[in-house]
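Enquirer:
Residue numbers (my numbering), protein chains in the order written: chain H, 1 to 136; chain F, 1 to 139.
#1: Counting Cβ pairs, one atom from each stretch, are 3 or more of them under 8 Å apart for the region 106 to 125 of chain H and the region 17 to 27 of chain H?
#2: Pick from F/62, F/58, F/92 and F/60: whose alpha carbon is nearest that of residue 71 of chain F?
#3: Could one say the Cβ of residue 134 of chain F lies closer than 8 Å to chain H's Cβ atoms, at least one of them?
#4: Count the other CB atoms, across all protein chains shown, that sit within 10 Å of the CB of residue 82 of chain H; report buried if there are 16 or more and exposed otherwise.
#5: So, for residue 58 of chain H: in the same chain, excluding its five sequence neighbours on each side, which residues have a beta-carbon less than 6 Å away from its beta-carbon?
#6: Figure out for me which residue from F/12, F/127, F/33 and F/95 has the closest Cα to the Cα of residue 65 of chain F.
#7: On the DSSP bridge assignment, give the partners of residue 65 of chain F in chain order.
#8: If you measure beta-carbon to beta-carbon, which residues of the region 97 to 124 of chain H are closer than 7 Å to chain F?
#9: What number of angstroms, rounded off, separates the C-alpha of residue 128 of chain H from the C-alpha of residue 5 of chain H?
#10: Using a threshold of 8 Å, state whether the C-beta atoms of residue 16 of chain H and residue 113 of chain H are closer than that.
#11: Would you call the region 58 to 73 of chain H and the region 13 to 24 of chain F touching, i.e. three or more CB-CB distances under 8 Å?
#12: Taking CB distances under 8 Å as the criterion, tell me whether residue 79 of chain F reaches chain H.
#13: Using 10 angstroms around the beta-carbon of residue 87 of chain F, count the other beta-carbons present and answer buried if the total reaches 16, otherwise exposed.
#14: Ordered along the chain, which non-local residues of its own chain (more than five positions away) have a Cβ less than 8 Å from that of residue 44 of chain H?
#15: Using a threshold of 8 Å, state whether the C-beta atoms of residue 9 of chain F and residue 39 of chain F are closer than that.
#16: DSSP on residue 135 of chain F, reduced to helix/strand/coil?
#17: If distances are taken between C-alpha atoms only, which option among F/29, F/84, F/14 and F/47 comes closest to residue 130 of chain F?
#18: 8 Å is my cut-off, CB to CB: does residue 127 of chain F come that close to chain H?
#19: Tell me whether the beta-carbon of residue 32 of chain F lies closer than 8 Å to the beta-carbon of residue 127 of chain F.
#20: What are the boundary residues of the alpha helix (DSSP H) that includes residue 91 of chain F?
#21: Return the chain-ordered list of same chain residues with a C-beta closer than 7 Å to the C-beta of residue 36 of chain F, the five sequence neighbours on each side being excluded.
#22: Kindly say whether residue 43 of chain F, judged by its beta-carbon, lies nearer than 8 Å to any beta-carbon of chain H.
#23: Determine the DSSP secondary structure at residue 70 of chain H, reduced to helix, strand or coil.
#24: With a CB to CB cut of under 8 Å and the five nearest residues on each side skipped, what residues in its chain are close to residue 45 of chain F?
#25: On the CB-based measure, 16 or more other CB atoms within 10 Å of its CB, does residue 85 of chain H come out buried or exposed?
#26: Span of the alpha helix (DSSP H) holding residue 44 of chain H?
#27: Apply the 10 Å Cβ neighbour rule to residue 48 of chain H and answer buried if 16 or more other Cβ atoms are within range, or exposed otherwise.
#28: How many whole angstroms separate the CB atoms of residue 75 of chain H and residue 133 of chain F, which I take to be in contact at a CB cut-off of 8 Å?
#29: Assign residue 14 of chain F to one of two classes, buried (16 or more other C-beta atoms within 10 Å of its C-beta) or exposed (fewer than that).
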């Protein structure tokens, strides 16, 4: 795949899981898969900023959402991503019941652990997308 | 006397992930909510606002809003105007950054000390606008 996979976090500001989604996107795009992914901000995407929309149009993309309203996934679909792979922080949390993420500006340790777990699930999706692309 | 709901100001941060100023906007709003004006302001979630959250949009139609944008794209201000009404006040972080002594503020992921200081400056500006909109003397 020549173009990097767009990754859009929800970045909700009211709850910790929005901050987890945001941090997970940074971990994915800066630490785990910097060559293959790129963070795209949700706000300009939904507002139709041409420079931002071109980053996702026609590409498979990853939405990392904090809550079940799935704002990032909806934004990506509306902006023309050809396939939206959904990662939900609340689903990952459900599988790691011991974690109690707190904080928004600064996540607590559990929040950081959850972010890492979310990012690792997203990285597996990146591997899958790239693998399918190479097979094609 | 009926117990009327308290008038509050809605804060809408762009939270842009592509630039540190987006993180500044986000941090500034949390600073206002948690420390500076916890009883006078609420955060409206921009992603939800954009995705059609009727509760967020209705609040912004009936209560004054302050948008805090990281850059001149002004996504938060434009979205508020498009879906609810003109924001009562619109702050752009890059404008508050201008002037002598401008220095690097870190990354979108991690603000440095200057970035955190800028967030405090933006938070004070938001708190001041909150006071003005609620007709209160600045504290």
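A virtual CB, placed ideally from N, CA and C, is assigned to each residue, including glycine.
Expert: Taking the definition as stated:
#1: Yes: at least three Cβ pairs fall under 8 Å.
#2: Out of F/62, F/58, F/92 and F/60, F/92 has the C-alpha closest to the C-alpha of residue 71 of chain F.
#3: Put simply, the CB of residue 134 of chain F is far from chain H, with every gap to its CB atoms at 8 Å or more.
#4: Exposed: under 16 other Cβ atoms inside 10 Å.
#5: Closer than 6 Å at Cβ, skipping near neighbours: 82.
#6: Measuring from the Cα of residue 65 of chain F, the nearest candidate turns out to be F/12.
#7: The partner list for residue 65 of chain F (beta bridge, DSSP) reads F/10.
#8: So the list reads 104 and 105, given in the order they occur along the chain.
#9: Taking the straight line from one Cα to the other gives about 12 Å.
#10: Using a Cβ distance threshold of 8 Å, residue 16 of chain H and residue 113 of chain H do not count as a contacting pair.
#11: In the pairwise beta carbon analysis, the region 58 to 73 of chain H is classified as not touching the region 13 to 24 of chain F: fewer than three pairs are separated by under 8 Å.
#12: Yes, residue 79 of chain F counts as interfacial toward chain H.
#13: Its Cβ being crowded by 16 or more others within 10 Å, residue 87 of chain F is buried.
#14: Within the same chain, Cβ atoms closer than 8 Å to the Cβ of residue 44 of chain H are found at 51 and 52, the five residues on either side in sequence being excluded.
#15: By the CB criterion at 8 Å, residue 9 of chain F and residue 39 of chain F fall outside the cutoff.
#16: Reduced to three states, the DSSP call for residue 135 of chain F is coil.
#17: Selected option, being the one with the closest Cα: F/29.
#18: For residue 127 of chain F, the answer is no, since every Cβ of chain H falls outside 8 Å of its Cβ.
#19: Contact: yes.
#20: That residue, residue 91 of chain F, is in no alpha helix (DSSP H); its beta strand (DSSP E) goes 89 to 92.
#21: Around residue 36 of chain F: 123 and 127.
#22: Cβ-Cβ to chain H under 8 Å: yes for residue 43 of chain F.
#23: Secondary structure at residue 70 of chain H: coil, using DSSP grouped into helix, strand and coil.
#24: Cβ within range, chain order: 53 and 56.
#25: Residue 85 of chain H is buried by the Cβ-count criterion.
#26: Per DSSP, residue 44 of chain H belongs to the alpha helix (DSSP H) from 42 to 46.
#27: Its Cβ having fewer than 16 others within 10 Å, residue 48 of chain H is exposed.
#28: So it is not a contact: roughly 29 Å between Cβ atoms.
#29: With 16 or more other Cβ atoms from the protein chains shown falling within 10 Å of its own Cβ, residue 14 of chain F counts as buried.
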